[in-house]
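Counting in this note's numbering, the sequence shown runs from 16 upward without gaps. Below is one structure, written out as C-alpha cells; the observations come after it.
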Amino acid sequence: MTTGSSRGLRADAARNSERILRAARQVWAEHGPDAHLEEIARRAGVGIATLYRRFPDKAGLVRAALDQSISEDIAPAIEQALNDDDPRRGLVTVLEAALSMAAREHNTLAAARNSGAMTAQAGTPFFDSLTLLARRAQEAGLVRADLVPDDMPRIMVMLLGVLWTMDPRSDGWRRYLTFVLDALSTETPTPLPPVVPLQQPGDCST
16 MTTGSSRGLR
26 ADAARNSERI
36 LRAARQVWAE
46 HGPDAHLEEI
56 ARRAGVGIAT
66 LYRRFPDKAG
76 LVRAALDQSI
86 SEDIAPAIEQ
96 ALNDDDPRRG
106 LVTVLEAALS
116 MAAREHNTLA
126 AARNSGAMTA
136 QAGTPFFDSL
146 TLLARRAQEA
156 GLVRADLVPD
166 DMPRIMVMLL
176 GVLWTMDPRS
186 DGWRRYLTFV
196 LDALSTETPT
206 PLPPVVPLQQ
216 PGDCST
C-alpha cells in the first residue's frame, strides 16, 4: 500500500530532479560545458549528494537535461507538425524548433558530446518523426522524390554543424536552413548521386 509519506518523498525527488536539470542547463549556458557539478547543485538549491543520488554521472545528467529540453521545445513542434495539413510546413516547423533548441542549448550539447552522452539512439524518436514528415511532403509533391530516409539525419547533422561556426545566440542558422529547404523543394532538382548507408560510430574498418 502506498502511503502519503512515500508519495510525498517521490514528489520531492521529482521536484529535485527537475530543479537540477533546469539548473544544469542554466549553468552550462552561462559557464560552458565544463562547469562544475557543485555549481549546478548550488543553483538547484540541493546538496551535491542529492545531485549524485539522482544522477550518478555527468553523462546521465546531460542526457536527462537534453530529454527535458526536447520534451519542452521539440515534442510540441512535432505534434503540431503531424497535425498540420501542409506537410512541408510541418517539416519546417520541426526543423526550426530543433535548430532553435540546439542554438539555445549549445553548451548542453557540447557537454553531451564531451561526456559521451551523445548517441545515435538518443535522437531516434526525433529522426523518425522527421522522416515521416519528409515522406508526407514527398507524397504531396512538395519535396523532391529522390530523398531517402537516411538523408534526413545527415541533413540535420549538417545543419547542426553550422551552429559551431557562429555565435549560438544568433539566428544565423536560418540562412542555411533556407538553403537546405530550397534544395529539398526545387521543382527541377539535379539528380542525386547514390545514397551511402548510414554508419554508426566505431563501424569504420581500415
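Using N, Cα and C, we set each Cβ at its ideal position, and we do this for glycine too.
Endpoints, alpha helix (DSSP H) assigned at residue i
i	result
TRP179	First-last for TRP179: undefined, no H or E at that position.
GLY105	102-119
PRO164	Unbroken run through PRO164: none, as it is neither H nor E.
ARG150	139-154
LEU52	52-59
Which of helix, strand or coil DSSP assigns to residue i
i	result
THR205	coil
THR193	helix
ALA132	coil
ASP72	coil
ASN98	coil
SER185	coil
ARG159	coil
PRO91	helix
VAL211	coil
ASP224	Lying outside 16 to 221, the shown extent of the chain, residue 224 is not represented and no answer is given.
ARG25	helix
Assigned exposure category for residue i - 16 Cβ within 10 Å defines buried
i	result
ALA120	At residue 120 the sequence reads Glu, which differs from the Ala that was named. Looking at its Cβ environment, which holds 16 or more other Cβ atoms inside 10 Å, GLU120 is buried.
SER185	exposed
GLY105	buried
THR203	exposed
ASN122	buried
MET167	buried
SER32	buried
VAL61	buried
THR108	buried
MET173	exposed
THR221	Legend: pLDDT at THR221 = 44, less than 50; position of this residue unreliable, value from coordinates given subsequently. Looking at its Cβ environment, which holds fewer than 16 other Cβ atoms inside 10 Å, THR221 is exposed.
VAL222	Since the first residue of the chain shown is 16 and the last is 221, residue 222 is not available in this structure.
PRO48	buried
Expected contact under 8 Å - CB spacing of residue i and residue j to nearest Å
i	j	result
LEU162	LEU110	So it is not a contact: roughly 14 Å between Cβ atoms.
THR139	PRO164	Contact doesn't hold; Cβ gap of about 12 Å is too wide.
LEU124	ALA79	No, LEU124 and ALA79 are not in contact; Cβ-Cβ is about 14 Å, not under 8 Å.
ARG58	VAL42	6 Å
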